[in-house]
Amino acid sequence: MKAAVMEGVRQPLVVREVQDPQCSAHGVIVRVEANGICRSDWHYWNGDWSWIGVAPRLPHVLGHEFCGVIEEAGPEVRGLKPGQRVVVAFSQGEGTCEQCRSGHSNVCNTPLVPGMTYWGGFARYVAVPYADVNVVRLPEAIGFVEAASMGCRFMTAFHGIVDRAQVKPGQWVAVYGCGGLGLSAVHVAAATGANVIGVDLDPAKLEMAKKLGAIHVVNAKETEPTKAVRQLSGGGAHVAVDALGIAQTCRNAALSLRRRGRMLQLGLTSQSEKGEIALPIDRLVLMEQSVIGSVGMPAADYPQLLRLVESRRLVPGSLVTATVPLEKSSEVLEQMTSFANLGVTVIDRY
Ligand SMILES: [Zn+2]
Ligand SMILES: [Zn+2]
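My numbering numbers the first residue of the sequence shown as 3 and each following residue consecutively.
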């Protein structure tokens, strides 16, 4: 099959033929029809996350936001068969540990991530393990390009905003960083009925945040954002989201909260933080604020999200700004180094 192969850290991906993947007894082979290019791909390509014990074994195939059609199903798979359209959750489990069995497969004791722990969707075919746990039927009404954007950033934002931070209608939500993940958080929080403030340095990203439902935007290049958020929200956000994972956005999110506010950490850190960021702890104690980590979404929660997309209450496709052939995927990763990308770019030609 054709794949864009990572042969070295920060080296251009090489599009070439590799061996077709083998289907396991409990897995399926998905013929990939679309795959979103995510900042997590960039992190992995950049050699980040050694501090949490993650490192690519080279050569490697990236890609964890994909959907497509089942080509083959192993003999132990019960709920899926060849020919079905599916979307694949990136935060995967094996289905039997304490977390999986209580509905939290996104934090499985043996975490599995396509494009990280095994070869992913920068290729025509992916062998997805434990398919009954990790693969979800995709309704006909939702196209592949739109569904690709739901495999990571959108479902991460949905789980974070709805389940972890428990955003309620009328609450103030500040979102720091309006890349693909941040814009997803803006859109989901706005659809939930929250008053959303988007914060970024790039006017084009802030413009997009407005289109996706932010009622205010703050350009942090021009205005000190924590003060602006506290003013706009009459005392601070109920929920502040760090959708980037750099020290500045993380601290700013914490400093934007009102009393008893919740900080939702969605971004993972890069080389300069290496997993550690200082936070205003005394303020947090005295104001009874919480810091909430959130990763991916259990695949079992997909039906709830898919219903909202089918009824167009949520429109993840509105985040997609470009589609590219597999050959261009390397270029898109390189653009991410300077944050030049707007919204979500999806590979849709293999
Ligand atoms: Zn598990
Ligand atoms: Zn991702």
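Idealized CB from N, CA, C, for every residue including glycine.
Beta bridge counterpart(s) of residue i as assigned by DSSP
i, result
"residue 174", "197"
"residue 221", "202"
"residue 164", "Its beta-bridge partners do not exist; DSSP assigns none."
"residue 68", "37"
"residue 74", "31"
"residue 267", "244 and 295"
"residue 62", "8"
"residue 120", "116"
"residue 88", "70 and 139"
"residue 150", "DSSP output for residue 150 lists no bridge partner at all."
"residue 19", "4"
"residue 351", "327"
"residue 127", "33"
Buried versus exposed, by CB contacts within 10 Å (16 or more), residue i
i, result
"residue 163", "buried"
"residue 15", "buried"
"residue 283", "exposed"
"residue 339", "exposed"
"residue 24", "exposed"
"residue 29", "buried"
"residue 264", "buried"
"residue 202", "buried"
"residue 260", "buried"
"residue 81", "exposed"
"residue 54", "exposed"
"residue 288", "exposed"
"residue 131", "buried"
"residue 111", "exposed"
"residue 318", "buried"
"residue 67", "buried"
"residue 21", "exposed"
"residue 306", "exposed"
"residue 176", "buried"
"residue 9", "exposed"
"residue 73", "buried"
"residue 75", "buried"
Contact belief for residue i with residue j at Cβ below 8 angstroms, rounded distance in angstroms
i, j, result
"residue 147", "residue 334", "No, residue 147 and residue 334 are not in contact; Cβ-Cβ is about 15 angstroms, not under 8 angstroms."
"residue 154", "residue 40", "5 angstroms"
"residue 255", "residue 243", "6 angstroms"
"residue 65", "residue 156", "With 8 angstroms as the limit, residue 65 and residue 156 do not qualify as a contact, their Cβ atoms being about 16 angstroms apart."
"residue 91", "residue 301", "4 angstroms"
"residue 126", "residue 34", "6 angstroms"
"residue 144", "residue 7", "Residue 144 to residue 7, Cβ: 30 angstroms. No contact."
"residue 161", "residue 303", "7 angstroms"
"residue 195", "residue 172", "6 angstroms"
"residue 268", "residue 158", "6 angstroms"
"residue 346", "residue 321", "5 angstroms"
"residue 88", "residue 32", "6 angstroms"
"residue 308", "residue 207", "Contact doesn't hold; Cβ gap of about 27 angstroms is too wide."
"residue 149", "residue 140", "5 angstroms"
"residue 187", "residue 245", "5 angstroms"
"residue 241", "residue 266", "6 angstroms"
Query raised in the report: In chain order, what residues have a CB nearer than 5 angstroms to some heavy atom of ligand 2?
Result: 40, 42 and 154
Query raised in the report: Does the pairing of the region 56-75 with the region 271-283 give three or more beta-carbon distances under 8 angstroms?
Result: no
Query raised in the report: Would you call the region 128-137 and the region 85-105 touching, i.e. three or more CB-CB distances under 8 angstroms?
Result: yes
Query raised in the report: Where the beta carbon is closer than 5 angstroms to any heavy atom of ligand 1, which residues qualify, in chain order?
Result: 95, 96, 99, 102 and 110
Requested in this report: Determine, using beta-carbon pairs with one atom in the region 319-330 and one in the region 109-123, whether at least three such pairs fall under 8 angstroms.
Outcome: no
Query raised in the report: Per the contact definition of three or more C-beta pairs closer than 8 angstroms, is the region 204-214 in contact with the region 233-249?
Result: no
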